[in-house]
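When you read off a place in the sequence shown, starting at 1, and then add 791, the result is the number in our numbering.
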Amino acid sequence: LRQLQQKMRELGVGEIAALVGRYYAMDRDNRWERVELAYRALVHGQAETRTDDAVAALERSYEAGLTDEFVKPIVVTKGSAASAVPVGLIHDDDAVIFFNFRADRARQMTSALAAPDFDKFVDAKRPKNLFYVGITQYDKNWPWLKYVIAPEKLEHLLAQVFADVQYKNLRTAETEKYAHVTYFFNGGEEKPFSGEERILVPSPKVATYDLKPEMSAAGITDTVVKAIEKDEFDAIIMNYANADMVGHSGKLEAAIQAVEAVDAGLARIYQALKPRGGVWIITADHGNAETMIDPVGGGPHTYHTTNPVPLILVSDDDKLRLKPGGSLRDIAPTMLGVLGEPQPADMTGTDLRVIS
């Protein structure tokens, strides 16, 4: 924040008008009451905290245990205390540039500010005629959204291969990670591919997930076990959100409970899969819960890590081994190898299996 202020002073342009954590401003779980708090700070200057010193207000939030993600809306003001007014609000005919490139984190606030048919909460003085620009195309079904970077058309994704060979596949996750097994997994395509079925399990309605570390893992497990037992799908793509979402809380005991909930789910899935001879890949795309204590400061660690992630292949083939190393790009080729399907030339990774 100080660096940003210094850069603005050097350029002679810009002021910080508000601070708010992504828990509110970039919710992706349809918690519109959170988005509304951020919205009203940006549009109407309404917030519990109004201050003429953004850095000091942020430091006080840290001292209260509310770090980056959970910072409550703070409106920056100017003028004497008695007549202080917000530094800047969003008004009719303003230009707004939303810098987040992630669609899942950008959609709700973008919708609140700019969607013509927005109805999640009421504001009689909602800004009109905004020139609203996103960095990327947050939703293909929003013709009203201007954006800077056009989406890249990705070809021969795993999802497309499944469709081409007519594999029936299930995608399931709870609300917090639903986009990850659908929109992101499909290369930014919102519409399901042929043969793709989706089951959303609602995330629990709690303030923070350390209050319910098990989240909806049991519901996801129920969905997957049922699908395995019915033998309706050629492939199942699933996600457990616990280690990531509870890891963000910085609460060690809660993270332990989160991992235990996932462990219990994995055991149930294994018991359903083993008698049917299924093959299972367990992996992740980033770390979090494995580091809950900051190695430098000794305080809570609340953010992602760049540690290597596991890739575990569960199979009845006792001769099967995995190559050392590997990267995320190798997961799809490995899955195709397990399924006996050829790897498209566009995929630059390699099958990690070593069959002796």
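In this text, a Cβ means the ideal position worked out from N, Cα and C, and glycines have one as well.
Beta carbon proximity, residue i to chain D, threshold 8 Å
i: Asp1076; result: In summary, chain D is missing from the structure at hand, where a single protein chain is found.
Three-way DSSP call (helix, strand, coil) for residue i in this model
i: Pro1124; result: helix
i: Pro1066; result: helix
i: Arg1059; result: helix
i: Leu761; result: In the structure as shown, the chain begins at 792 and stops at 1147. Residue 761 is therefore absent and cannot be evaluated.
i: Val992; result: strand
i: Thr1141; result: coil
i: Ile807; result: coil
i: Thr1014; result: helix
i: Arg813; result: helix
i: Glu1005; result: coil
i: Glu750; result: It is not possible to answer for residue 750, since the shown part of the chain is limited to 792 through 1147.
i: Gly1078; result: strand
i: Leu857; result: coil
Exposure of residue i, with buried meaning 16 or more beta-carbon neighbours within 10 Å
i: Arg841; result: buried
i: Asp818; result: buried
i: Tyr830; result: buried
i: Asp914; result: exposed
i: Pro1154; result: In the structure displayed, the chain extends from 792 to 1147; residue 1154 sits before or after that span and is not available.
i: Asn932; result: exposed
i: Tyr814; result: buried
i: Ser852; result: buried
i: Met799; result: exposed
i: Asn977; result: buried
i: Tyr1061; result: exposed
i: Asp1107; result: exposed
i: Thr1139; result: exposed
i: Ala1032; result: buried
i: Ala1198; result: The first residue shown for the chain is 792 and the last is 1147, placing residue 1198 beyond what the model contains.
i: Pro1086; result: exposed
Terminal residues of the beta strand (DSSP E) in which residue i lies
i: Ala1026; result: 1026 to 1029
i: Val1145; result: 1144 to 1146
i: Leu802; result: Premise fails: Leu802 lies in the alpha helix (DSSP H), 793 to 802, not in any beta strand (DSSP E).
i: Leu1119; result: Unbroken run through Leu1119: none, as it is neither H nor E.
i: Thr842; result: 840 to 842
i: Arg1112; result: 1111 to 1113
Range covered by the alpha helix (DSSP H) that runs through residue i
i: Trp823; result: 823 to 835
i: Leu849; result: 845 to 854
i: Thr1037; result: With the sequence shown as reference, residue 1037 is identified as Val, and Thr is not the correct amino acid for it. Residues 1033 to 1038.
Residue i: CB within 7 Å of a non-hydrogen atom of the ligand COA
i: Lys1042; result: The ligand COA is not part of this structure, which contains no ligands at all.
Query raised in the report: Would you call the segment 885 to 905 and the segment 862 to 872 in contact, with 3 or more CB pairs under 8 Å?
Result: no
Query raised in the report: With contact counted as at least three CB pairs below 8 Å, one residue from each stretch, are the segment 958 to 973 and the segment 915 to 924 in contact?
Result: No, the segment 958 to 973 is not in contact with the segment 915 to 924.
Report task. Would you mind listing the alpha helix (DSSP H) stretches within the segment 861 to 931 that are 4+ residues and don't spill past its ends, in chain order? Result -> You should have 894 to 905.
Report task. Check whether the segment 960 to 980 touches the segment 991 to 1007, counting contact only when three or more Cβ pairs, one atom from each stretch, lie closer than 8 Å. Result -> The segment 960 to 980, when compared against the segment 991 to 1007, does touch it at the 8 Å Cβ threshold.
Report task. Please determine if the segment 1120 to 1128 and the segment 1088 to 1099 are in contact, where contact requires at least 3 C-beta pairs separated by less than 8 Å. Result -> Result no; under three Cβ-Cβ pairs closer than 8 Å.
Query - Given 8 Å, three or more beta-carbon pairs between the segment 1042 to 1052 and the segment 970 to 990 - result: Pairwise C-beta distances place the segment 1042 to 1052 out of contact with the segment 970 to 990, as fewer than three of them are shorter than 8 Å.
Requested in this report: Jot down the residue ranges of each uninterrupted alpha helix (DSSP H) in the segment 936 to 983, minimum 4 residues, whole runs only, in chain order.
Outcome: Those alpha helix (DSSP H) runs which fall completely within the segment 936 to 983 and span 4+ residues are 949 to 955, 969 to 972.
Requested in this report: Count the CB pairs spanning the segment 998 to 1013 and the segment 1033 to 1044 that are closer than 8 Å, and state whether there are at least three.
Outcome: yes
Query - the segment 938 to 948 / the segment 905 to 920 touching (three or more Cβ pairs under 8 Å) - result: They do not touch, by the three-pair rule.
Query - the segment 1137 to 1144 in contact with the segment 969 to 982 per 3-pair CB rule at 8 Å - result: Cβ pair count under 8 Å is below three, so no.
**Report entry** Three-pair Cβ contact test at 8 Å for the segment 1070 to 1085 versus the segment 1017 to 1026
**Finding:** Under the three-pair Cβ rule at 8 Å, the segment 1070 to 1085 does not count as touching the segment 1017 to 1026.
Query - the segment 889 to 898 / the segment 871 to 881 touching (three or more Cβ pairs under 8 Å) - result: Contact fails: fewer than three Cβ-Cβ distances are below 8 Å.
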